[in-house]
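J.: Which chain is which? The protein sequence lines are A and B, in order. Plus 42 on top of the position in the first sequence (first one is 1) and you've got the working numbering. Plus 42 on top of the position in the second sequence (first one is 1) and you've got the working numbering. Ideal Cβ positions, reconstructed from N, Cα and C, are used throughout, including at glycine. Before I ask anything, here is the structure I am working with.
There are 2 protein chains.
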Amino acid sequence: MSDIDRIRSAAKRLNGHIRRTPLLHAPLLDEIAGRRVLVKAECLQWTGSFKYRGARAAVSALPPDVRSRGVLAFSSGNHAQGVALAARQFDVPAVIIMPADAPALKIANTRAYGAEVVLYDRANGESREALGEHLRDARGLTLIRPYDEPEVIAGQGTCGLEIAEDATRLGVENADVLVCCGGGGFTSGIALALEADAPGLRVRPVEPEDFDDVKRSLVSGHIETNNRPSGNICDAILTPAPGEITFPILHRLCGPGLVVSENEALRAMAHAFQRLKLVAEPGGAVALAAALFRANELDCETVICTISGGNVDADMFVRALSEGADAA
Amino acid sequence: MSDIDRIRSAAKRLNGHIRRTPLLHAPLLDEIAGRRVLVKAECLQWTGSFKYRGARAAVSALPPDVRSRGVLAFSSGNHAQGVALAARQFDVPAVIIMPADAPALKIANTRAYGAEVVLYDRANGESREALGEHLRDARGLTLIRPYDEPEVIAGQGTCGLEIAEDATRLGVENADVLVCCGGGGFTSGIALALEADAPGLRVRPVEPEDFDDVKRSLVSGHIETNNRPSGNICDAILTPAPGEITFPILHRLCGPGLVVSENEALRAMAHAFQRLKLVAEPGGAVALAAALFRANELDCETVICTISGGNVDADMFVRALSEGADAA
Numbered sequence: 043m044s045d046i047d048r049i050r051s052a053a054k055r056l057n058g059h060i061r062r063t064p065l066l067h068a069p070l071l072d073e074i075a076g077r078r079v080l081v082k083a084e085c086l087q088w089t090g091s092f093k094y095r096g097a098r099a100a101v102s103a104l105p106p107d108v109r110s111r112g113v114l115a116f117s118s119g120n121h122a123q124g125v126a127l128a129a130r131q132f133d134v135p136a137v138i139i140m141p142a143d144a145p146a147l148k149i150a151n152t153r154a155y156g157a158e159v160v161l162y163d164r165a166n167g168e169s170r171e172a173l174g175e176h177l178r179d180a181r182g183l184t185l186i187r188p189y190d191e192p193e194v195i196a197g198q199g200t201c202g203l204e205i206a207e208d209a210t211r212l213g214v215e216n217a218d219v220l221v222c223c224g225g226g227g228f229t230s231g232i233a234l235a236l237e238a239d240a241p242g243l244r245v246r247p248v249e250p251e252d253f254d255d256v257k258r259s260l261v262s263g264h265i266e267t268n269n270r271p272s273g274n275i276c277d278a279i280l281t282p283a284p285g286e287i288t289f290p291i292l293h294r295l296c297g298p299g300l301v302v303s304e305n306e307a308l309r310a311m312a313h314a315f316q317r318l319k320l321v322a323e324p325g326g327a328v329a330l331a332a333a334l335f336r337a338n339e340l341d342c343e344t345v346i347c348t349i350s351g352g353n354v355d356a357d358m359f360v361r362a363l364s365e366g367a368d369a370a
Numbered sequence: 043m044s045d046i047d048r049i050r051s052a053a054k055r056l057n058g059h060i061r062r063t064p065l066l067h068a069p070l071l072d073e074i075a076g077r078r079v080l081v082k083a084e085c086l087q088w089t090g091s092f093k094y095r096g097a098r099a100a101v102s103a104l105p106p107d108v109r110s111r112g113v114l115a116f117s118s119g120n121h122a123q124g125v126a127l128a129a130r131q132f133d134v135p136a137v138i139i140m141p142a143d144a145p146a147l148k149i150a151n152t153r154a155y156g157a158e159v160v161l162y163d164r165a166n167g168e169s170r171e172a173l174g175e176h177l178r179d180a181r182g183l184t185l186i187r188p189y190d191e192p193e194v195i196a197g198q199g200t201c202g203l204e205i206a207e208d209a210t211r212l213g214v215e216n217a218d219v220l221v222c223c224g225g226g227g228f229t230s231g232i233a234l235a236l237e238a239d240a241p242g243l244r245v246r247p248v249e250p251e252d253f254d255d256v257k258r259s260l261v262s263g264h265i266e267t268n269n270r271p272s273g274n275i276c277d278a279i280l281t282p283a284p285g286e287i288t289f290p291i292l293h294r295l296c297g298p299g300l301v302v303s304e305n306e307a308l309r310a311m312a313h314a315f316q317r318l319k320l321v322a323e324p325g326g327a328v329a330l331a332a333a334l335f336r337a338n339e340l341d342c343e344t345v346i347c348t349i350s351g352g353n354v355d356a357d358m359f360v361r362a363l364s365e366g367a368d369a370a
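Shown next as structure tokens:
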């Protein structure tokens, strides 16, 4: 099946089970950006993040006898909650393997969606892969990878179909589409959908400073890795490197990457609070940050950006409102 | 023209100029409420509040030669911004009369939408009415009242048409519709729309403690007033009494009123943050608060509630996240 056929097939399966999120617009954001800014509000997706699209697409693509034995994911964030909710909706077990030192909020959120959370002790060198293999073999679970998995990419691509449809309706034929980018599942899915349905829209990945593996990979033409695994508030999109499946798609279809600072992500959160009345998390605000604060790296009258907010905690949000006080 | 014809006429004029806001649903809110909760997200309306509907309806209903001379409003809040934006879109002047001690955020927001803000000194007994009459006569401005005005009620009623349409699509034939209620323009507009298009849905006004003039008026059958003009964080919906035009509509169509505490409004804001990724203001969160925390006063399987968030400042939002910490 071609990539776009896989996306359209996922869209059919997801129809009525995901939210068709709005493409929002706020005149006072346009003034900051110096151009029209359209915001694809994946904050309003189930679980607060686009990750639910991919999770539901992957779980729904499994043969029923395989699915009924349950699914497994390694994740401490939005992917975990997407898989948990999708599994609950199919009434099948979900096991999520998370580090024992993951934030309590993320563990609680994942359990709230009905998943069994299995913790491993990364400080003592416990291997999550060995734990996962054991659980998979013992229970017959199917692993749902967070991004390097064609059905997950197809699910994220349904967001691109919606962007294409809304852009066409608004008469937007040419625009940069800024996407918050970690392993590249969301970015590559949207790029594939736009290639088919809105070829004048160009995807550009946006990453946090010091975690610009995708930007560097697009320049070199090879998969480049980050120097460290963590240490940035944009934790939702920190991954070691673009995926083996996602990178060739990104390389073929995406324009140059953009990079924003932690402070810019926090200020974008404050602007989303003030002007869109939306709650974003730092990693879900980097594309809006690039739209607002990296105007000189953009060359289009209209910019479209994604925003999401699955797991932001109150302390981080308070910090954003404080550091982004100029937004008020 | 009948009330419902006026609403349908407003809906035609507003089509394409307002946001059709989504009716959101979060399974984890249902668990708190003990029933299905559907949230009409007027936070996502232009300016962050339903007030823009009524303002745009009223401004668009004026004859062009009258409108071109400009409009006038007394307001320190969401109505001011709704009138300011609607006037700007018609390229006509808007003058907003606000107290000199209004919060800086509200003054700045109103100016940001292009209005001329005229401040009066309420501490020294300056009369805003005299100031308004002077400006009206000198410049030929038309006063847009915040709620006791048929075209404003009709504009707010377009929200009710959307609720009726979405409830029908979801198969909801019977439900309580909880509406954040000040002077009653929003509440009566929605009630009129539902009377026509979804008669199984019953509107119930929700107010803050100590400012329950509408609840008491519905009990007594006469317009009752509040004892004091201010002194509650739900400032967006504090009015002296239901309107002369709105009260008869409320009395004919609405079920018993509900009242929530300031703490309940703050906790509802925290739940909206956590589960809906929406920014609400205290006055725009009272209906969600009633849905979540006044279960024993409700008697329906599904409850629909409005939510809005035009003017919340960062400090108030931080307070909500702190007092509503159990939501996380």
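#1: Taking Cβ-Cβ distances shorter than 8 Å, what residues in chain B pair up with A/ALA154?
#2: Would A/THR152 be called buried (16 or more neighbouring beta carbons within 10 Å of its own) or exposed?
#3: Okay, do the segment 85 to 96 of chain A and the segment 334 to 346 of chain A touch, 3+ Cβ pairs below 8 Å being the bar?
#4: Could you list which residues in chain B have their beta carbon closer than 7 Å to that of A/GLY58, in chain order?
#5: Of all the residues that make up the segment 130 to 145 of chain A, which are near chain B by a beta-carbon distance shorter than 8 Å?
#6: Should A/CYS276 be flagged as near chain B, meaning a C-beta pair shorter than 8 Å?
#7: Only counting runs of 3 or more residues, tell me where the beta strand (DSSP E) segments fall wholly within the segment 235 to 275 of chain A, in order along the chain.
#8: If contact means a Cβ-Cβ distance below 7 Å, which residues of the segment 61 to 94 of chain B contact chain A?
#9: Report the CB separation of B/TYR155 from B/ILE139 in whole angstroms; it is logged as a contact under 8 Å.
#10: Between A/GLY226 and chain B, is the shortest Cβ-Cβ distance under 8 Å, so that the two count as touching?
#11: Report the three-state DSSP secondary structure of B/CYS347 (helix, strand or coil).
#12: Rounded C-beta distance between B/ALA329 and B/VAL248? I'm assuming under 8 Å.
#13: Helix, strand or coil for A/GLU158 per DSSP?
#14: Less than 7 Å between C-beta atoms, sequence neighbours within five positions excluded: which residues of the same chain meet that for A/ALA103?
#15: Step through the CB atoms of chain A and report whether any lies within less than 8 Å of the CB of B/GLY325.
#16: Using the beta-carbon of each residue, which ones in chain A are nearer than 8 Å to B/LEU363?
#17: For a contact defined as C-beta to C-beta under 9 Å, what are the partners of B/VAL214 on chain A?
#18: Pairs of beta-carbons, one from the segment 292 to 303 of chain A and one from the segment 240 to 259 of chain A, closer than 8 Å: are there three or more?
#19: Nearest CA to the CA of A/PRO241: which residue from A/GLU251, A/PRO250, A/SER51, A/ALA206?
#20: Anything in the segment 328 to 353 of chain B with a Cβ closer than 7 Å to a Cβ of chain A? List those residues in chain order, please.
#21: Taking 8 Å as the threshold, find out whether the segment 98 to 114 of chain B comes into contact with the segment 179 to 192 of chain B through three or more Cβ pairs.
#22: Quick one: list the residues of chain A neighbouring B/LEU320, beta-carbon separation under 9 Å, in chain order.
#23: Check whether chain A comes within 8 Å of B/ALA367, counting only Cβ atoms and requiring the distance to be less than that.
#24: Does the beta carbon of A/PHE116 sit closer than 8 Å to a beta carbon anywhere in chain B?
#25: Which residues in the same chain as A/SER110 place their Cβ atom closer than 7 Å to its Cβ, once the five residues preceding and following it in sequence are excluded?
#26: Tell me which residues share the same chain as B/LEU66 and place their Cβ nearer than 6 Å to its Cβ, disregarding the 5 neighbours each side in the sequence.
#27: Output the distance between the C-alpha atoms of A/ILE279 and B/SER303, rounded to the nearest integer angstrom.
#28: Would DSSP call B/CYS296 helix, strand or coil?
#29: Measure the C-alpha to C-alpha separation of B/ALA314 and A/HIS264 and round it to an integer number of angstroms.
#30: Is there a Cβ of chain A sitting closer than 8 Å to that of B/PHE253, yes or no?
#31: Do B/ALA75 and B/ALA331 count as a contact pair if the criterion is CB distance below 8 Å?
#32: Between the Cα of A/GLY224 and the Cα atoms of A/GLY112, A/ASP255, A/VAL113, which residue gives the shortest distance?
#33: By alpha-carbon positions, which one of B/LEU308, B/LEU334, B/GLU365, B/ALA233 ends up nearest to B/ILE195?
#34: Can you name the residues of chain B whose CB is closer than 8 Å to the CB of A/PHE315?
#35: As an exercise, report each continuous alpha helix (DSSP H) stretch of at least 4 residues that is fully enclosed by the segment 148 to 228 of chain B, in chain order.
#36: By DSSP, does A/PRO290 sit in helix, in strand, or in coil?
T.: Reading it off the structure:
#1: Under the 8 Å cutoff, chain B gives LEU70.
#2: A/THR152 is classed as buried because its beta carbon has at least 16 other beta carbons within 10 Å across all chains shown.
#3: Fewer than three pairs of CB atoms, one per stretch, sit closer than 8 Å, so the segment 85 to 96 of chain A makes no contact with the segment 334 to 346 of chain A.
#4: Residues of chain B passing the Cβ test: none, with the nearest at roughly 11 Å.
#5: Of all residues in the segment 130 to 145 of chain A, none comes within less than 8 Å of chain B when Cβ atoms are compared.
#6: Answer no: the Cβ-Cβ gap between A/CYS276 and chain B never drops below 8 Å.
#7: Note on the segment 235 to 275 of chain A: whole beta strand (DSSP E) runs with a minimum of 3 residues are 243 to 250, in chain order.
#8: Result list: PRO64, LEU66, LEU70, CYS85, LEU86, GLY90.
#9: The C-beta distance from B/TYR155 to B/ILE139 rounds to 15 Å, too long to meet the 8 Å contact threshold.
#10: Judged by the 8 Å Cβ criterion, A/GLY226 is not in contact with chain B.
#11: Strand at B/CYS347.
#12: That pair is a contact at about 5 Å.
#13: Strand at A/GLU158.
#14: The beta carbon of A/ALA103 sits closer than 7 Å to those of GLU193, all from its chain and outside the five residues before and after it, given in chain order.
#15: B/GLY325 has a beta carbon lying at 8 Å or more from every beta carbon in chain A.
#16: Per Cβ cutoff of 8 Å: ALA356, PHE359, VAL360.
#17: Residues of chain A passing the Cβ test: none, with the nearest at roughly 16 Å.
#18: Three or more beta-carbon pairs drawn from the segment 292 to 303 of chain A and the segment 240 to 259 of chain A are found closer than 8 Å, and the two stretches are therefore classed as touching.
#19: Of the residues A/GLU251, A/PRO250, A/SER51, A/ALA206, the one whose Cα lies closest to the Cα of A/PRO241 is A/ALA206.
#20: Correct list: GLY351.
#21: Judged by Cβ distances under 8 Å, the segment 98 to 114 of chain B makes contact with the segment 179 to 192 of chain B, as three or more pairs qualify.
#22: Against B/LEU320, the close residues of chain A are CYS85, LEU86, LYS319, LEU320, VAL321, in the order they occur along the chain (beta-carbon pairs closer than 9 Å).
#23: With 8 Å as the cut-off, B/ALA367 counts as an interface residue toward chain A.
#24: Chain B has no Cβ within less than 8 Å of the Cβ of A/PHE116.
#25: Contacts found: VAL134.
#26: Within the same chain, B/LEU66 has close Cβ partners VAL81, ALA83, LEU318.
#27: About 39 Å.
#28: DSSP places B/CYS296 outside both helix and strand once states are collapsed to three, so it counts as coil.
#29: For the pair B/ALA314 and A/HIS264, the Cα-to-Cα distance works out to about 43 Å.
#30: No, its Cβ sits nowhere closer than 8 Å to a Cβ of chain A.
#31: No; because the gap between Cβ atoms is not below 8 Å, this pair is not in contact.
#32: When only C-alpha atoms are compared, the closest one is A/ASP255.
#33: Minimum Cα distance to B/ILE195 is reached at B/ALA233.
#34: One finds VAL321, ALA356, PHE359 in chain B with Cβ atoms closer than 8 Å to the Cβ of A/PHE315, taken in chain order.
#35: List check, alpha helix (DSSP H) in window: 170 to 181, 192 to 211.
#36: In the structure shown, A/PRO290 sits in a helix (DSSP, three-state: H, G or I).
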